[in-house]
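**Student:** Below: one structure in C-alpha cells.
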Amino acid sequence: MRRRAILALAFGLLAGPAFAQSATDPVETVRAFYAADDINAVRFYAKRLRTLYARDQREAKGEVGRLGFAFHVNGQDTEPSFAASLALAPLSSEGDRAEVRATFRNGGPQELRYSLVREAGAWKIANVRSLKGETWDLVALLSAPLP
C-alpha cells in the first residue's frame, strides 16, 4: 500500500501536464496511464482492448482472470525505485498508429512496447507487449480462454 502511495505521489506531479497533452501525444498518453497507476484505468484503452478487458473481468467473476499480474509494471509487486527508473520513448508514429517503449526496473530490467491508435482524436492504448524475460502480448493474453 505504501508503494502505491509513493508511486501516486511521484506520478501525480506529472499527471496534470500529461492529461492535458495525452490527446495529441502518444508518449504523454502512456505517461498519464502510468501516473494513474491502475490497470483498471480503461479510459486509456482503445475500444478493442477495453472490450477484451471488460470480458475478462466479467468472466472471471471476481477471481483472477487471464491477467495474474499488473501488466504495466510486468509483475505483481512494484519496487520502490520503479518510478525513478521509468523512461518512455517514442518509437514510431504514422497516421493514427504509434509505438512507445517503456523501460524500467522492477524485479530486473523491463521493456514494454505500447501500441497506440488514435480514436476520436485521442491516443489510446491498443496493445502492450513484454520484450524482456518472459515475453507476452496483452491482446493475446486477454483473447485466450480463461485458465
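Counting from 1, one number per residue, gives the positions in the sequence shown under the UniProt record's numbering.
Positions of the beta carbon are idealized from the N, C-alpha and C atoms, including for glycine.
Note that this is a predicted model, so its numbers are computed, not measured.
#1: Can you tell me the Cα-Cα spacing of L67 and L131, whole angstroms?
#2: Which value, in whole angstroms, describes the spacing of the CA atoms of R113 and A35?
#3: Would you grab the beta carbon distance between V73 and N106 for me? Rounded to a whole angstrom, and I think it's under 8 Å.
#4: By DSSP, does P147 sit in helix, in strand, or in coil?
#5: Between which two residues does the alpha helix (DSSP H) harbouring F104 extend?
#6: At what residues does the alpha helix (DSSP H) containing S85 begin and finish?
**Tutor:** A quick look at the data gives this:
#1: C-alpha separation (whole angstroms): 17 Å.
#2: About 17 Å.
#3: Indeed, because the Cβ distance is near 5 Å, the residues count as touching under 8 Å.
#4: Under the three-state reduction of DSSP, P147 is assigned to coil, being neither helix nor strand.
#5: Judged by DSSP secondary structure, F104 falls outside any alpha helix (DSSP H) and instead within the beta strand (DSSP E) spanning 97-105.
#6: Note, S85: alpha helix (DSSP H), 82-85.
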